[in-house]
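S.K.:
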Amino acid sequence: HYCGRAVGQAIGKKGPVFYKCHAGLVSFAVPVPLGGERSVVILGGHAFTQTTDYAAFMDAAGKYGFTPGDLMEISKTSRIVDGKVLRSASRFLESAGSVVLQNAFQKRESQHYLSQLLTLFDVSTSLRHANTPHEIFALILNTIGVLFDVSSAGIFVLDRRGGTYRSQTAFGEFQQRLCSLAFPSGDGVALKAAVQKAPFRVDEPRELLAFKFPDDVVRSVTVFPLLQDDELIGFVSVYNTDLPDRTVRMISGFVGHAVTAVENQRVKAELRQRVQDLAVLTEINSAVGATVDPEELFRVILEKSTDLIRAEQGSLMILEEETRELIIRATKGIQEQIVGQFRIKPGEGIAGAVAERGTALIVHDIEGDERFRKKNRPRYRTKSFISIPLKIENRVVGVLNIADKITGEVFNPDDLALLQTFAAYASVAIERTQLSEKTRELKRISITDPLTGVLNRRYMQERLTEEVDRSQRHGHVLSYLMVDLDEFKEYNDSH
């Protein structure tokens, strides 16, 4: 009790403190600053300065449980020391002891600092040999956690398709919650990291809430930007840990070296995704090309286009040549009976405007977009959509509308580019099917009576020639029957 209180007083006073314990022993506490807020306290003395104190202790020793043998040993080692000697000793320790301890502490700190730097260098080299993004992210966080005694941390990387910085991995308390975090680019913590381009700490509850950090989990966060050619490609977040300035500088340098490895893995992942998209696109084009039936073709086009950019809802509208109106020929996520009778003229609504202008439209937020400013319909889960024209050269044959990404993200330029590539193939397939239908219709017209639909003389001649050839080829008997309909000519001529 006496020693503990004296230690606190010495640190607060920043000088020696003398005190006498219940046994009458005089002691001192000498504080030694080690730099920054760190300090140690030397406890010394533990001696009697007056004979009366010694006598009082010996008289009361029985109450403290000392035996006669114990008192004999105490009497051999106990000394009566002049108080001036104790004060002199405390002054010596305050000066000389401070130098010795500071040098020893700084040497130990330097060795620890050097060890941390060498470890960071080794890890930075190892990052180049990591095979997957997860290996890189785990190695970065584990290094920070072990070397600097960090309680919790996470790493975020820019998802260019969604325009969002997503958590890649995290460790520490509430790991699952931290792994689910995502921050939009150009806003909040991501915007501050992009503008500041240097580590910063956030510990104000109001600012943490504004940055969308869960206040029941995150009490403070130190953010280390990951910059590639001055662009923010991600950031490391250290949660609920007070970091000295030197540690902040070391972590900042480490993540700066790690950026190249992170960016290389991101480019590799993006390349793998593009190759996968190309393979899917090739497969889709094959499926579309093999479909002849118009209704089945429309269904396949819509189904494959939503699969391609991972969307939940969509519709395919075809422009009728006779009426010059858009009609819905296939739907996904919407009951076709509800919208099947809708007819839209070019220029009407969003799809009509796309058909009239012949240019694609990508919207992130229909309610906030200056071009629309309209309430999002309840049947749509998100406010983002894509509407693109299906064209043959400069002629529009239809409009493809896609909404609600499965992930809940907004559509991005990569989605639009991928969809436009597919739409070019889809447009050709639609025109091919329409031409095939026209060919069949022309043939039907050429061999039937326009009034009755009955097969005409031309068809009879074609079929007769074919059957004569077949009978000669196979040696079969050919029979030919003609039936006259009474007064049919009069009926036909009158109409």
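Residues in the sequence shown are numbered consecutively from 1, following our numbering. Yeah, the Cβ is synthetic: ideal placement off N, Cα and C, and Gly gets one too.
#1: How many Å lie between G69 and M250 at the Cα?
#2: Using only the alpha-carbon positions, how far apart do I366 and L227 sit?
#3: Within the same chain, show all residues whose beta-carbon is closer than 8 Å to that of A56, passing over the 5 residues directly before and after it, in chain order.
#4: Restricting to runs no shorter than 3 residues, where is the beta strand (DSSP E) found entirely within the stretch 25 to 82?
#5: On the three-state DSSP scale, how would you describe I406?
#6: Hey, F148 and Y165 are a contact pair by Cβ (cut 8 Å); roughly how many whole angstroms apart?
#7: Just to confirm the assignment, what range does the beta strand (DSSP E) spanning L390 have?
#8: Enumerate in chain order the residues of its own chain whose CB-to-CB distance from P346 is below 6 Å, with the five nearest sequence positions on each side excluded.
#9: Excluding the 5 residues flanking S427 on each side, which residues of the same chain have their C-beta closer than 8 Å to its C-beta?
#10: In chain order, what residues of the same chain have a beta carbon less than 6 Å from the beta carbon of F18, not counting five sequence neighbours either side?
#11: Out of V146, L139, C179, state which residue places its alpha-carbon closest to the alpha-carbon of F156.
#12: On the DSSP letters alone, give me the boundaries of the beta strand (DSSP E) that S237 sits inside.
#13: Determine the burial state of E204: buried for a count of at least 16 other Cβ atoms within 10 Å of its Cβ, exposed for fewer.
#14: Is it buried or exposed, I402, if we count other Cβ atoms within 10 angstroms and call 16 or more buried?
#15: Helix, strand or coil: how does DSSP classify G172 here?
#16: Whose CA, out of Q116, V32, Y480, lies closest to the CA of E94?
#17: So, at 7 Å on beta carbons, what are the nonlocal neighbours of M460 in its own chain, with the 5 sequence-adjacent residues on each side left out?
#18: Any idea what DSSP makes of N401, helix, strand or coil?
#19: With a 10 Å radius around its C-beta and 16 neighbouring C-beta atoms as the bar for buried, classify K332 as buried or exposed.
#20: In three-state terms, what does DSSP make of H270?
#21: Can you give me the C-alpha to C-alpha distance between G12 and V30, rounded to a whole angstrom?
#22: Do you know how far the Cα of V218 is from the Cα of D242?
#23: Grouping DSSP H, G and I as helix and E and B as strand, with all else coil, what is V17?
#24: Whole angstroms are fine: how far does the CA of R87 sit from the CA of A47?
#25: Once you ignore the five residues that flank R201 on each side, which residues in its own chain have a CB closer than 6 Å to its CB?
#26: At what residue ranges does the stretch 307 to 343 contain a whole run of the alpha helix (DSSP H), taking only runs of 4 or more?
#27: State the DSSP-derived secondary structure class of S115, mapped to helix, strand or coil.
#28: Measuring from the CB of C21, is there a heavy atom of the ligand GTP at a distance below 7 Å?
#29: Between the alpha carbons of Q313 and R377, how many angstroms are there, rounded?
#30: Going by beta-carbon coordinates alone, are L127 and A10 separated by less than 8 Å?
#31: For the alpha helix (DSSP H) that P133 lies in, which residues bound it at each end?
#32: For T247, collect the residues of the same chain with a Cβ closer than 7 Å to its Cβ; drop the 5 residues on either side in sequence, then sort them by chain order.
#33: Quick check: what's the CA-CA separation for G4 versus T52?
#34: On the DSSP letters alone, give me the boundaries of the beta strand (DSSP E) that P225 sits inside.
#35: Spell out the partners DSSP gives G186 in its beta bridges.
#36: Consult DSSP for F372 and reduce its assignment to one of helix, strand or coil.
M.R.: In this structure, then:
#1: Position 69 of the sequence shown, counted from the start, is the residue given in the question as residue 69. Position 250 of the sequence shown, counted from the start, is the residue given in the question as residue 250. Answer to the nearest angstrom: the Cα atoms are 59 Å apart.
#2: Counting from 1 along the sequence shown, the entry for residue 366 is found at position 366. Counting from 1 along the sequence shown, the entry for residue 227 is found at position 227. Rounded to whole angstroms, I366 to L227 spans 32 Å at the Cα level.
#3: Against the sequence shown, residue 56 aligns to sequence position 56. G24, listed in sequence order.
#4: List check, beta strand (DSSP E) in window: 26 to 35, 38 to 47.
#5: In the sequence shown, residue 406 corresponds to position 406, counting from 1. DSSP places I406 in coil when its eight states are reduced to three.
#6: Mapped onto the sequence shown, residue 148 falls at position 148. Mapped onto the sequence shown, residue 165 falls at position 165. Their Cβ separation, rounded to whole angstroms, is 23 Å, which puts F148 and Y165 out of contact at 8 Å.
#7: Looking up residue 390 in the sequence shown gives position 390. In the DSSP assignment, L390 falls within the unbroken beta strand (DSSP E) covering 385 to 392.
#8: Position 346 of the sequence shown, counting from 1, holds the residue named residue 346. Residues G352, A355, E356 of the same chain have their beta carbon placed closer than 6 Å to that of P346, with the five preceding and five following residues left out of the count.
#9: Here residue 427 corresponds to residue number 427 of the sequence shown, with the count starting at 1. L390, K391, I392, V397, G398, listed in sequence order.
#10: Within the sequence shown, numbered from 1, the residue matching residue 18 stands at position 18. For F18, where only same-chain residues beyond five positions count, the Cβ hits under 6 Å are F28.
#11: Here residue 156 corresponds to residue number 156 of the sequence shown, with the count starting at 1. Measuring from the Cα of F156, the nearest candidate turns out to be C179.
#12: Reading the sequence shown from its first residue, position 237 is the one you call residue 237. 231 to 239 is the extent of the beta strand (DSSP E) around S237.
#13: Taking the first residue of the sequence shown as position 1, residue 204 is located at position 204. That one is exposed.
#14: Within the sequence shown, the letter at position 402 stands for residue 402. Label assigned to I402: buried.
#15: The residue given as residue 172 occupies position 172 in the sequence shown. If DSSP states are grouped into helix, strand and coil, G172 belongs with coil.
#16: Counting from one through the sequence shown, the residue named residue 94 turns up at place 94. Selected option, being the one with the closest Cα: V32.
#17: To locate residue 460, count along the sequence shown from 1; it is residue 460. Taken in chain order, the list of residues that qualify is empty.
#18: In the sequence shown, residue 401 corresponds to position 401, counting from 1. In the three-state scheme derived from DSSP, where H, G and I count as helix and E and B as strand, N401 is classed as strand.
#19: By one-based count along the sequence shown, residue 332 stands at place 332. By the neighbour-count criterion, in which a residue is buried when 16 or more other Cβ atoms sit within 10 angstroms of its Cβ, K332 is buried.
#20: Taking the sequence shown and counting its residues from 1, the one referred to as residue 270 is at position 270. Looking at the sequence shown, residue 270 is not His but Glu. In the structure shown, E270 falls within a helical segment according to DSSP collapsed to helix, strand and coil.
#21: Here residue 12 refers to the residue found at position 12 when the sequence shown is read from its first residue. Here residue 30 refers to the residue found at position 30 when the sequence shown is read from its first residue. So the alpha carbons of these two residues sit roughly 11 Å apart.
#22: For the purposes of this step, residue 242 is taken as the residue at position 242 of the sequence shown. For the purposes of this step, residue 218 is taken as the residue at position 218 of the sequence shown. Rounded to the nearest angstrom, the two C-alpha atoms are 13 Å apart.
#23: Walking along the sequence shown from the start, residue 17 turns up at place 17. V17 falls in the strand class under three-state DSSP.
#24: As a working mapping, residue 47 is identified with position 47 in the sequence shown. As a working mapping, residue 87 is identified with position 87 in the sequence shown. Each residue's alpha carbon lies about 12 Å from the other.
#25: Counting from 1 along the sequence shown, the entry for residue 201 is found at position 201. Contacts found: T222.
#26: Fully enclosed alpha helix (DSSP H) runs of 4 or longer: 336 to 339.
#27: Your numbering for residue 115 matches position 115 in the sequence shown. Secondary structure at S115: helix, using DSSP grouped into helix, strand and coil.
#28: Within the structure as shown, the ligand GTP is missing, as the structure has no ligands at all.
#29: Mapped onto the sequence shown, residue 313 falls at position 313. Mapped onto the sequence shown, residue 377 falls at position 377. The straight-line gap from Cα to Cα measures roughly 13 Å.
#30: Walking along the sequence shown from the start, residue 127 turns up at place 127. Walking along the sequence shown from the start, residue 10 turns up at place 10. Taking 8 Å as the Cβ cut-off, L127 and A10 do not qualify as a contacting pair.
#31: As a working note, residue 133 is residue 133 in the sequence shown. DSSP places P133 inside the alpha helix (DSSP H), whose first and last residues are 133 to 148.
#32: Working through the sequence shown from its first residue, we reach residue 247 at position 247. F148, listed in sequence order.
#33: Locating residue 4 in the sequence shown gives position 4, counting from the first residue. Locating residue 52 in the sequence shown gives position 52, counting from the first residue. Between G4 and T52, the C-alpha separation is close to 26 Å.
#34: Position 225 of the sequence shown, counted from the start, is the residue given in the question as residue 225. For P225, the enclosing beta strand (DSSP E) covers residues 221 to 228.
#35: Walking along the sequence shown from the start, residue 186 turns up at place 186. Beta-bridge annotation (DSSP): G186 is not paired with any residue.
#36: Here residue 372 is taken as the residue at index 372 of the sequence shown, counted from 1. Under the three-state reduction of DSSP, F372 is assigned to coil, being neither helix nor strand.
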